[in-house]
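Enquirer: My structure is below; once you've seen it, I'll send some questions.
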Amino acid sequence: MANSPQAKKRARQNETRFAVNKARRSRIRTFLRKVEEAIASGDKEAATAALRACQPELMRGVTKGVFHKNTAARKMSRLAARVKALG
């Protein structure tokens, strides 16, 4: 258990940051799921719109440190390829 004031503050900061990052990750996963659902339904226009909405969210997750840059790039690339293949 944290004993020094600095360690106690660190523990509080970690809890707050964990909650914020969890919310961000959940939000991004929701956007990803919407793209997946649109691809599964076979609707190219809906999939394209969902992908366009998903892209800035995913990149925001990178700048906030929730996802690694290459992970986000890989996800975007694979989703874009699947949306393109719908046509």
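Its first residue numbered 65, the sequence shown is counted upward by one per residue in our numbering. For each residue, glycine too, the CB sits at the ideal point set by N, CA and C.
Here's the rule I'm using: 16 or more other beta-carbon atoms within 10 Å means buried, otherwise exposed. How should residue 149 be labelled?
Expert: Residue mapping note: residue 149 aligns to position 85 of the sequence shown, counting from 1. The residue in question, residue 149, is exposed, as its Cβ has fewer than 16 Cβ neighbours within 10 Å.
Enquirer: Keeping to the same chain, check which residues put their C-beta closer than 7 Å to that of residue 111; ignore five residues upstream and five downstream.
Expert: Within the sequence shown, residue 111 is the residue found at index 47, counting from 1. So the qualifying residues of the chain are 99, 102, 103, 147 and 150.
Enquirer: Expressed to the nearest angstrom, what Euclidean distance is found between the alpha-carbon atoms of residue 72 and residue 66?
Expert: Working through the sequence shown from its first residue, we reach residue 72 at position 8. Working through the sequence shown from its first residue, we reach residue 66 at position 2. Roughly 5 Å between the two C-alpha positions.
Enquirer: Roughly how many angstroms lie between the CA atoms of residue 74 and residue 137, to the nearest whole one?
Expert: Here residue 74 refers to the residue found at position 10 when the sequence shown is read from its first residue. Here residue 137 refers to the residue found at position 73 when the sequence shown is read from its first residue. Using only the alpha carbons, I get a separation of about 32 Å.
Enquirer: Suppose the cutoff is 8 Å on Cβ atoms and the five residues either side in sequence are ignored; what does the same chain contact list for residue 130 look like?
Expert: One-based indexing of the sequence shown puts residue 130 at position 66. The residues are 85, 88, 89 and 92.
Enquirer: Ignore the nearest five residues each way along the sequence and tell me which others in residue 144's own chain have a CB closer than 7 Å to its CB.
Expert: On the sequence shown, position 80 is the one that residue 144 refers to. Once the five neighbours on either side are set aside, the close Cβ partners of residue 144 are 115.
Enquirer: Whose C-beta lies closer than 7 Å to the C-beta of residue 123 among residues of the same chain, with five residues either side of it excluded?
Expert: Residue numbering aside, residue 123 sits at position 59 when the sequence shown is read from its first letter. Cβ neighbours of residue 123 beyond the five flanking positions: 136.
Enquirer: If we count the other Cβ atoms within 10 Å of its Cβ and call it buried at 16 or more, is residue 106 buried or exposed?
Expert: In the sequence shown, the residue the question calls residue 106 occupies position 42. It is exposed - the Cβ of residue 106 has fewer than 16 other Cβ atoms within 10 Å.
Enquirer: So, using beta-carbon positions, are residue 79 and residue 95 closer together than 8 Å?
Expert: Position 15 of the sequence shown, counted from the first residue, corresponds to residue 79. Position 31 of the sequence shown, counted from the first residue, corresponds to residue 95. Cβ distance not < 8 Å, so residue 79 and residue 95 don't count as in contact.
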